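Enquirer: Just so you know, the sequences run in chain order A and B. For the first sequence, the tail end lands on 254 under the working numbering, and the numbers increase by one without skipping. For the second sequence, the tail end lands on 723 under the working numbering, and the numbers increase by one without skipping. The beta carbon of each residue, even a glycine, is placed where N, CA and C say it ideally should be. On a predicted model such as this, the values are computed, not experimentally measured, just so you know. This is the structure I want to talk about, given as structure tokens.
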Amino acid sequence: MAKIKKKIKTIKVDADKCNGCRGCEIVCSAFHSIPRYSSNNPARSRIQIIRHPLKDIWLPIFAGEYTPAECMGRDKYIIDGKEYDECTFCRATCPSRDIFKEPDSGLPLKCDMCEDDPPREKPMCVEWCLNEVLTYEEREEEVEESVEMEDVETGLSSMIDKYGMDKIADAITRMSQKG
Amino acid sequence: MRYGEVGYNLEIDLATGNIERVETDPKMLETHLGGLGTSVKLHWDRVPAETQAFDDENMLIFSSGILNATPAFSANRSVVTFMSPESGLLAYPMMGGFWSAELKYSGYDKVIFHNKSPKWVYIWINNDKVEIRDASHLVGRGALETQDLIRRELNQPNAQVAAIGPAGENRCFTASIEQGRSSASRLGGGAVMGDKKIKAVAVRGTGDVNLANGEAFMKEMKDMMQYINFRNANPIKDVMTILSGIGSPQEMVHTDEKWHTENFMWGNARTRRRGFWDENISKEWPKTQLEGIKRLISCFNCPQHCGALISYKETPRYMAKCFGKLTYAMASYVDSMDFAWRTLQRATEYGFDSFSTPQILAFAVELQEAGILTDKDFAGTSTYPACPTDKEGRFLWLMDRVAHREGIGDVLADGVYQAARKIGKGAEAFDHNTIKKHEQLPLKLGTLDPLYYLMYATNEKISITQIEGNWPQGAFATMEQREEFVRDWPQLPDESWKQWLLEWEPRGEKGIPFYPTPDICSEIVDWMEMLHNIDDACCVCAGMSSFCLKPPYHIHNYPKIISAATGLDLDEASLKKIVNRSRNLHRALNNRRGMSRKDEKPPEDHWKRRWPELEENLLSTYYTFKGWDQEGVPTRERLHELDLDYVAEDLEKRGILKNGQD
Chain A
76 MAKIKKKIKT IKVDADKCNG CRGCEIVCSA FHSIPRYSSN NPARSRIQII RHPLKDIWLP
136 IFAGEYTPAE CMGRDKYIID GKEYDECTFC RATCPSRDIF KEPDSGLPLK CDMCEDDPPR
196 EKPMCVEWCL NEVLTYEERE EEVEESVEME DVETGLSSMI DKYGMDKIAD AITRMSQKG
Chain B
62 MRYGEVGYNL EIDLATGNIE RVETDPKMLE THLGGLGTSV KLHWDRVPAE TQAFDDENML
122 IFSSGILNAT PAFSANRSVV TFMSPESGLL AYPMMGGFWS AELKYSGYDK VIFHNKSPKW
182 VYIWINNDKV EIRDASHLVG RGALETQDLI RRELNQPNAQ VAAIGPAGEN RCFTASIEQG
242 RSSASRLGGG AVMGDKKIKA VAVRGTGDVN LANGEAFMKE MKDMMQYINF RNANPIKDVM
302 TILSGIGSPQ EMVHTDEKWH TENFMWGNAR TRRRGFWDEN ISKEWPKTQL EGIKRLISCF
362 NCPQHCGALI SYKETPRYMA KCFGKLTYAM ASYVDSMDFA WRTLQRATEY GFDSFSTPQI
422 LAFAVELQEA GILTDKDFAG TSTYPACPTD KEGRFLWLMD RVAHREGIGD VLADGVYQAA
482 RKIGKGAEAF DHNTIKKHEQ LPLKLGTLDP LYYLMYATNE KISITQIEGN WPQGAFATME
542 QREEFVRDWP QLPDESWKQW LLEWEPRGEK GIPFYPTPDI CSEIVDWMEM LHNIDDACCV
602 CAGMSSFCLK PPYHIHNYPK IISAATGLDL DEASLKKIVN RSRNLHRALN NRRGMSRKDE
662 KPPEDHWKRR WPELEENLLS TYYTFKGWDQ EGVPTRERLH ELDLDYVAED LEKRGILKNG
722 QD
């Protein structure tokens with residue numbers, strides 16, 4: 076496959092600076108609502124603050140890829156004496172837990188770095204965090220060209236995992252016949 | 062679709078277990094906005110005037126405001142309303158934290174409790190699913206530990222829980238409602254919750270809260286973000302540190318407590334200790350403070366750091382904010398920050414208001430020293446030991462007795478005013494720091510301050526920290542300082558007001574008590590109060606608005622923000638009219654419960670130098686300015702202007718408002 080240049084977008088998370096306000100969650104949901112900024116709901120946010128105030132845990136996590144199946148095992152971290160719940164650092168939308176799923180449909184959510192036209196300077200959550208917990212960085216890398224799934228495909232494949240290919244194909248046929 | 066507000070309330074009858082989701086009248090948004098505004102209206106409409114705090118009829122409302130759960134910075138307060146066991150009036154303590162946002166995401170603006178439960182319960186609100194659950198296993202548990210126990214029991218780590226501790230269970234008049242780093246503390250909401258046998262209200266929601274014009278709303282917020290960044294980088298000059306920034310008093314951040322410890326009174330609002338912050342203390346206290354602070358934290362959608370996670374030595378972890386850091390040490394005359402951290406932990410788990418409670422305990426110590434309380438009041442029983450003789454031990458022993466209403470604690474738990482009258486034998490003279498039966502900040506000052514006189518005397522909050530705010534606390538010494546302060550002050554309602562500050566001198570003819578004049582004082586106090594009323598309808602933290610100098614929220618941007626959120630078309634005049642309506646309804650409600658001019662008196666020793674004639678003039682001028690008669694009751698004309706004719710009729714029928722008389 077050919078080599079192409081790819082823009083790598085990174086959000087650096089300095090969790091020690093987090094004051095736990097969840098402003099990032101709320102603006103993420105506002106930005107992704109349709110029409111834009113029309114509604115607010117942190118449960119739809121693609122960034123979630125994992126909060127255990129008395130354990131001194133305030134940890135921003137971004138929604139990553141959808142996965143149809145759990146890992147074979149789970150991980151559990153203890154860092155600086157703080158014990159994190161199972162799979163805390165994992166970004167996947169996974170059957171093992173509730174986060175990063177649309178509250179109504181259960182469909183997976185994924186951080187899209189607030190891609191916009193024209194492009195934004197930085198994602199909303201980064202812009203909104205006044206405590207410098209989140210820093211946005213970009214760089215270019217040369218990578219092998221590959222085909223990436225788009226949002227619709229990701230959503231459909233999770234529906235197929237849940238209901239089976241036949242049912243989904245039937246539903247799409249029916250809907251297209253209705254016009 | 063409803064905007065800003067959700068449009069539904071939860072009505073829970075604790076006696077029958079009936080739970081209803083009730084759609085609210087959209088007209089109420091136009092006439093009373095939300096938050097405190099609409100809650101006052103519900104209390105007026107539904108609660109009989111003779112209802113007392115522990116009657117079945119005393120409705121308890123937990124309310125969000127119209128900006129909670131939106132990207133509005135620092136809109137995170139929950140306002141709790143009820144007839145107070147302490148003052149007998151409609152109280153409205155508020156808490157920050159995350160509770161109100163979660164309630165709105167669940168699909169409700171308010172939770173309204175009727176009657177009493179026959180057994181201990183907690184309420185679990187999770188979107189459409191609302192349950193009254195058994196809480197018998199939580200009785201006796203601390204207010205903070207209860208929150209975690211409930212989260213664990215429900216397997217809902219993100220549930221927000223407002224809970225009471227033993228003080229609330231035992232109906233102590235200064236019992237708070239605790240929630241994470243926040244609490245609704247003043248005037249005994251915890252006691253009313255306890256009387257209704259509600260141990261906690263837990264909530265978790267995953268629904269949407271809509272904005273009428275999101276793009277316009279976010280534009281306002283982006284402007285505000287720039288201003289917040291500017292203010293955080295540029296503290297106000299020439300004022301004490303605690304007033305220089307925005308947010309609630311940054312008591313967890315600031316370690317220099319010379320001002321509080323040397324200007325606030327120690328004991329039962331009794332002794333000013335000049336020179337306390339000496340070389341030794343000024344090293345040791347900051348060190349101990351920082352040793353206890355694990356992390357600085359905020360409330361929902363707020364960039365500030367007003368709270369902290371406290372992890373102090375072997376003391377169980379808890380969260381703290383504001384002046385609670387010092388109140389217990391200062392009230393007990395214990396010169397130790399170590400004692401302060403430990404005692405605040407115990408008080409937080411008991412669920413005590415950390416302003417009133419230390420004063421009650423200090424009051425008891427004074428009565429002991431005066432021989433009014435005697436050895437038998439401090440004796441042990443089969444269930445608890447006798448009172449220790451050291452200062453620390455005595456204070457904690459008293460706190461334990463009050464929390465459990467044991468022995469003398471049962472009398473003290475009714476607050477200083479009631480306890481003084483129950484104890485008698487001259488104890489009344491030691492009740493020298495209450496207004497309307499409610500303990501005030503331990504401040505005793507020199508010369509009468511006319512602005513503060515009006516705020517103390519007349520505001521329904523009965524707690525100065527949530528009345529004052531936008532106007533500087535004192536005159537600047539030099540003209541250069543004044544010019545510097547007024548140069549950049551867009552928050553003022555009118556440019557011409559700058560002149561008042563420029564002319565205001567620390568002393569002399571243009572100083573307190575004669576300047577600002579009663580007319581100017583009326584304008585300023587009314588303006589500050591109005592801002593608090595807007596905050597309380599929106600449930601925006603006063604720390605980012607009405608309580609601080611040059612705040613992000615003010616009368617010029619509020620109408621645009623509220624209009625974009627709700628779809629109402631408000632300008633400054635129409636917004637003022639709405640909050641004035643709610644404010645006058647609140648006043649009328651308290652008038653109906655017997656409050657009048659006779660009650661509007663700061664403590665006699667609050668200022669050393671008093672001017673009785675001037676004070677009467679101030680009050681009369683202010684009443685007239687507000688459209689109230691000389692008893693402090695809104696006139697028929699004022700009520701008519703505010704579309705409150707039904708209130709005028711009610712007050713006239715009761716003989717509180719005399720038709721045609723001023």
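When you compare only the Cα positions, how much space is there between Ser243(B) and Tyr684(B)?
Expert: Locating residue 243(B) in the second sequence gives position 182, counting from the first residue. Locating residue 684(B) in the second sequence gives position 623, counting from the first residue. Cα-Cα distance, rounded: 34 Å.
Enquirer: Note down, one range per segment and in chain order, each beta strand (DSSP E) of at least 3 residues found wholly within the segment 138-184 of chain B.
Expert: 139-144 and 171-175
Enquirer: Just to confirm the assignment, what range does the alpha helix (DSSP H) spanning Asp226(A) have?
Expert: Numbered from its first residue, the first sequence carries residue 226(A) at position 151. Counting along the chain, the alpha helix (DSSP H) containing Asp226(A) begins and ends at Asp226 to Tyr238.
Enquirer: Taking Ile595(B) and Phe278(B) to be in contact with their CB atoms under 8 Å, please state how far apart those CB atoms are, rounded to whole angstroms.
Expert: The count along the second sequence starts at 1 and reaches residue 595(B) at position 534. The count along the second sequence starts at 1 and reaches residue 278(B) at position 217. About 16 Å; that fails the 8 Å criterion.
Enquirer: Drop a sphere of 10 angstroms on the beta-carbon of Ser180(A), count the other beta-carbons inside from all chains shown, and report buried for 16 or more, exposed for fewer.
Expert: In the first sequence, the residue the question calls residue 180(A) occupies position 105. Exposed, since its Cβ has fewer than 16 Cβ neighbours within 10 Å.
Enquirer: Measure the alpha-carbon distance for Gly628(B) versus Pro567(B) and round it to whole angstroms.
Expert: For the purposes of this step, residue 628(B) is taken as residue 567 along the second sequence, with counting starting at 1. For the purposes of this step, residue 567(B) is taken as residue 506 along the second sequence, with counting starting at 1. One C-alpha to the other measures close to 46 Å.
Enquirer: With 16 other CB atoms within 10 Å as the buried threshold, where does Pro218(B) fall?
Expert: Working through the second sequence from its first residue, we reach residue 218(B) at position 157. Exposed: under 16 other Cβ atoms inside 10 Å.
Enquirer: Rounded to a whole number of angstroms, what is the C-alpha to C-alpha distance between Gly507(B) and Lys669(B)?
Expert: On the second sequence, residue 507(B) is found 446 positions in, with the first residue counted as 1. On the second sequence, residue 669(B) is found 608 positions in, with the first residue counted as 1. C-alpha separation (whole angstroms): 5 Å.
Enquirer: Work out the CA separation of Ala634(B) and Arg699(B) for me, nearest whole Å.
Expert: The count along the second sequence starts at 1 and reaches residue 699(B) at position 638. The count along the second sequence starts at 1 and reaches residue 634(B) at position 573. Answer to the nearest angstrom: the Cα atoms are 16 Å apart.
Enquirer: So, at 7 Å on beta carbons, what are the nonlocal neighbours of Ile43(A) in its own chain, with the 5 sequence-adjacent residues on each side left out?
Expert: Outside the modelled stretch of chain A, which goes from 76 to 254, sits residue 43(A), for which no answer is possible.
Enquirer: Please classify Thr207(B): does DSSP put it in a helix, a strand, or coil?
Expert: Numbered from 1 along the second sequence, position 146 holds the residue referred to as residue 207(B). DSSP places Thr207(B) in helix when its eight states are reduced to three.
Enquirer: So for Asp187(A), helix, strand or coil by DSSP?
Expert: By 1-based counting over the first sequence, the position of residue 187(A) is 112. Here Asp187(A) sits in coil by DSSP.
Enquirer: Going by CA-CA distance only, name the one from Phe361(B), Pro574(B), Gly655(B) and Arg642(B) that's closest to Ser671(B).
Expert: Taking the first residue of the second sequence as position 1, residue 671(B) is located at position 610. Inspection of the sequence shows that residue 671(B) is occupied by Arg rather than by Ser. Checked all of Phe361(B), Pro574(B), Gly655(B) and Arg642(B); the closest Cα to Arg671(B) is Pro574(B).
Enquirer: How about Tyr379(B) and Gln406(B): do their beta carbons lie closer than 7 Å?
Expert: Working through the second sequence from its first residue, we reach residue 379(B) at position 318. Working through the second sequence from its first residue, we reach residue 406(B) at position 345. Yes; because the gap between Cβ atoms is below 7 Å, this pair is in contact.
Enquirer: Which of the three DSSP states is assigned to Gly148(A) in this structure?
Expert: Here the question's residue 148(A) lines up with position 73 in the first sequence. Here Gly148(A) sits in coil by DSSP.
Enquirer: Is there a Cβ of chain A sitting closer than 7 Å to that of Val708(B), yes or no?
Expert: On the second sequence, residue 708(B) is found 647 positions in, with the first residue counted as 1. By this cut-off, Val708(B) is not an interface position.
Enquirer: Are there three or more Cβ pairs, one per stretch, closer than 8 Å when the segment 293-311 of chain B is compared with the segment 216-225 of chain A?
Expert: no
Enquirer: Can you give me, in chain order, the residues of the segment 232-246 of chain B that have a beta carbon less than 7 Å from any beta carbon in chain A?
Expert: The residues in question are Gly241.
Enquirer: Ends of the alpha helix (DSSP H) at Glu521(B)?
Expert: The count along the second sequence starts at 1 and reaches residue 521(B) at position 460. Run containing Glu521(B): none; DSSP gives neither H nor E here.
Enquirer: Can we say the segment 453-470 of chain B touches the segment 431-443 of chain B, given the rule of at least three CB pairs closer than 8 Å?
Expert: yes
Enquirer: Residues of chain B with CB under 7 Å from Ala167(A), in chain order?
Expert: Taking the first sequence and counting its residues from 1, one reaches residue 167(A) at position 92. Neighbours of Ala167(A) on chain B: none; closest Cβ ~19 Å, over 7 Å.
Enquirer: 7 Å is my cut-off, CB to CB: does Ala138(A) come that close to chain B?
Expert: In the first sequence, counting from the first residue as 1, residue 138(A) sits at position 63. Closer than 7 Å: no.
Enquirer: From Ile342(B), Glu661(B), Gln429(B) and Lys319(B), pick the residue whose C-alpha is nearest to that of Ile484(B); which is it?
Expert: Locating residue 484(B) in the second sequence gives position 423, where the first residue counts as 1. Of the candidates Ile342(B), Glu661(B), Gln429(B) and Lys319(B), the one whose C-alpha sits nearest the C-alpha of Ile484(B) is Gln429(B).
Enquirer: Taking C-beta pairs closer than 9 Å, name the residues in chain B that Asp131(A) reaches, listed in chain order.
Expert: Position 56 of the first sequence, counting from 1, holds the residue named residue 131(A). Residues of chain B passing the Cβ test: Lys355, Arg356, Leu370, Ser372 and Arg378.
Enquirer: Beta carbon of Gln552(B), beta carbon of Lys611(B): below 7 Å?
Expert: Taking the first residue of the second sequence as position 1, residue 552(B) is located at position 491. Taking the first residue of the second sequence as position 1, residue 611(B) is located at position 550. Yes.
Enquirer: Would you mind giving the Cβ-Cβ distance between Pro664(B) and Thr495(B), rounded to the nearest angstrom? I have them listed as a contact below 8 Å.
Expert: For the purposes of this step, residue 664(B) is taken as residue 603 along the second sequence, with counting starting at 1. For the purposes of this step, residue 495(B) is taken as residue 434 along the second sequence, with counting starting at 1. Yes, Pro664(B) and Thr495(B) are in contact; Cβ-Cβ is about 7 Å, under 8 Å.
Enquirer: Smallest Cα separation from Phe491(B): which of Gln420(B), Gly412(B) and Glu544(B)?
Expert: One-based indexing of the second sequence puts residue 491(B) at position 430. When only C-alpha atoms are compared, the closest one is Gln420(B).
Enquirer: Three-state secondary structure (DSSP) at Ala330(B)?
Expert: Along the second sequence, one-based indexing puts residue 330(B) at 269. Three-state DSSP puts Ala330(B) in coil, outside helix and strand.
Enquirer: Whose C-beta lies closer than 8 Å to the C-beta of Met224(A) among residues of the same chain, with five residues either side of it excluded?
Expert: What you label residue 224(A) is simply residue 149 of the first sequence in a count that begins at 1. Correct list, in chain order: Ser232.
Enquirer: Can you give the Cα-Cα distance for Gly98(A) and Val270(B), rounded to whole angstroms?
Expert: As a working mapping, residue 98(A) is identified with position 23 in the first sequence. As a working mapping, residue 270(B) is identified with position 209 in the second sequence. Using only the alpha carbons, I get a separation of about 15 Å.
Enquirer: Please determine, among Leu75(B), Glu66(B), Ile186(B) and Ser583(B), the residue with the shortest C-alpha to C-alpha distance to Ala130(B).
Expert: Taking the second sequence and counting its residues from 1, one reaches residue 130(B) at position 69. By alpha-carbon distance to Ala130(B), the top candidate from Leu75(B), Glu66(B), Ile186(B) and Ser583(B) is Glu66(B).
Enquirer: Could you check whether the Cβ of Val102(A) sits closer than 7 Å to any Cβ belonging to chain B?
Expert: As a working note, residue 102(A) is residue 27 in the first sequence. Yes, because at least one Cβ of chain B sits closer than 7 Å to the Cβ of Val102(A).
Enquirer: So Phe159(B) and Gly241(B) are supposed to be a Cβ contact under 8 Å. How far apart are they, rounded?
Expert: Residue numbering aside, residue 159(B) sits at position 98 when the second sequence is read from its first letter. Residue numbering aside, residue 241(B) sits at position 180 when the second sequence is read from its first letter. Phe159(B) to Gly241(B), Cβ: 7 Å. Contact.
Enquirer: Threshold first: 4 residues or longer. Then list the alpha helix (DSSP H) segments lying entirely within the segment 369-416 of chain B, N to C.
Expert: 385-393 and 398-411
Enquirer: Spell out whether any CB of chain A is found under 7 Å from the CB atom of Pro620(B).
Expert: As a working mapping, residue 620(B) is identified with position 559 in the second sequence. False, the Cβ-Cβ gap to chain A never drops below 7 Å.
Enquirer: Between which two residues does the alpha helix (DSSP H) containing Thr92(B) stretch?
Expert: Taking the first residue of the second sequence as position 1, residue 92(B) is located at position 31. Where Thr92(B) is concerned, the enclosing alpha helix (DSSP H) stretches over Pro87 to His93.
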